[in-house]
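Participant: In full-length UniProt numbering, the protein residues as written are 1 to 167.
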Amino acid sequence: MRTISKEDLKELYDKDFPLWVEINLELLKEKAYDLVDWENLLEEIEDMGLRHLESCTSHLATILEHLDKWDNFRMLTRAGEEKGGLSWIKSVENARDRIMVLFRRYPSLKAKLPKELHSAWIEAVGNLRIWLRELGEDPDKYHIPEKCPYTYEEAFTRDLRKEADSI
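(1) Under a three-way DSSP split, which group does Leu67 fall into?
(2) Taking the CB atoms as reference points, tell me whether Leu53 and Ala124 lie closer together than 8 Å.
(3) Residues in its own chain within less than 8 Å of His143 by CB, not counting five upstream and five downstream?
(4) Within this structure, are the beta carbons of Asp37 and Lys10 separated by less than 8 Å?
(5) For the alpha helix (DSSP H) that contains Leu165, what are its first and last residues?
(6) Per the contact definition of three or more C-beta pairs closer than 8 Å, is the region 130-150 in contact with the region 86-101?
(7) Using three-state DSSP, classify Leu76 as helix, strand or coil.
(8) Let's test the definition: count the other Cβ atoms within 10 Å of the Cβ of Ala61 and tell me whether it reaches 16, buried, or not, exposed.
(9) So, at 6 Å on beta carbons, what are the nonlocal neighbours of His66 in its own chain, with the 5 sequence-adjacent residues on each side left out?
(10) Leaving out five residues before and five after His59 in sequence, what residues of the same chain have Cβ atoms less than 7 Å from its Cβ?
In structure tokens:
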């Protein structure tokens with residue numbers, strides 16, 4: 001077992017994270033619980049639990065962003081992009097698939113993600129504003145609602161391919 005002071009171990013958290021992990025893992029395996037950097041370890045465990053929910057939320061934001069583009073910005077496209085947003089349909093489908101994979105791996109996320117609709121919408125709005133600026137448009141001239149105009153269910157069930165076929 002390596003010898004390191006608790007203070008030095010805490011400093012390693014910011015200076016050399018992989019080494020910090022390695023040492024704490026050794027301490028836990030050796031049951032040297034009094035030497036473990038519990039404060040930072042608990043923070044890391046909490047972050048681990050949130051990481052997959054944040055991934056789902058980001059995928060949900062992609063869905064919301066592209067639903068809004070489909071509904072409100074189909075005529076605005078970058079040079080070289082196809083009109084009508086067919087890439088948005090693919091993006092929505094891919095994001096849904098990624099979320100379903102995460103739900104299968106981590107079933108508890110299924111109950112948590114609906115509560116993240118507002119956070120996902122905020123992320124989607126930020127992405128919409130960036131996209132509009134990239135097109136040379138002023139995002140402020142478009143009414144992008146503060147409140148998400150889509151339900152959680154709609155984000156997962158709306159069939160944009162069917163809508164595209166009827167255009």
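Idealized CB from N, CA, C, for every residue including glycine.
Facilitator: So, from the listed chains and residues:
(1) The residue you call residue 67 lines up with position 67 of the sequence shown. In this structure, Leu67 counts as helix in the three-state DSSP scheme.
(2) For the purposes of this step, residue 53 is identified with residue 53 of the sequence shown, where counting begins at 1. For the purposes of this step, residue 124 is identified with residue 124 of the sequence shown, where counting begins at 1. Not closer than 8 Å, so no.
(3) By 1-based counting over the sequence shown, the position of residue 143 is 143. So no residue of the chain qualifies.
(4) Position 37 of the sequence shown, counting from 1, holds the residue named residue 37. Position 10 of the sequence shown, counting from 1, holds the residue named residue 10. Yes. Within cutoff.
(5) Locating residue 165 in the sequence shown gives position 165, counting from the first residue. Before going further, note that residue 165 is Asp rather than Leu in the sequence given. Where Asp165 is concerned, the enclosing alpha helix (DSSP H) stretches over 160-165.
(6) Touching, no, given that fewer than three Cβ pairs across the two stretches are closer than 8 Å.
(7) Position 76 of the sequence shown, counted from the first residue, corresponds to residue 76. Residue state, collapsed to three classes: coil.
(8) Position 61 of the sequence shown, counted from the start, is the residue given in the question as residue 61. Buried, since its Cβ has 16 or more Cβ neighbours within 10 Å.
(9) Taking the sequence shown and counting its residues from 1, the one referred to as residue 66 is at position 66. Counting only Cβ-Cβ distances below 6 Å, and skipping sequence neighbours, we find Trp88, Ser91, Val92.
(10) Taking the first residue of the sequence shown as 1, we reach residue 59 at position 59. The residues are Ala95, Arg98, Ile99.
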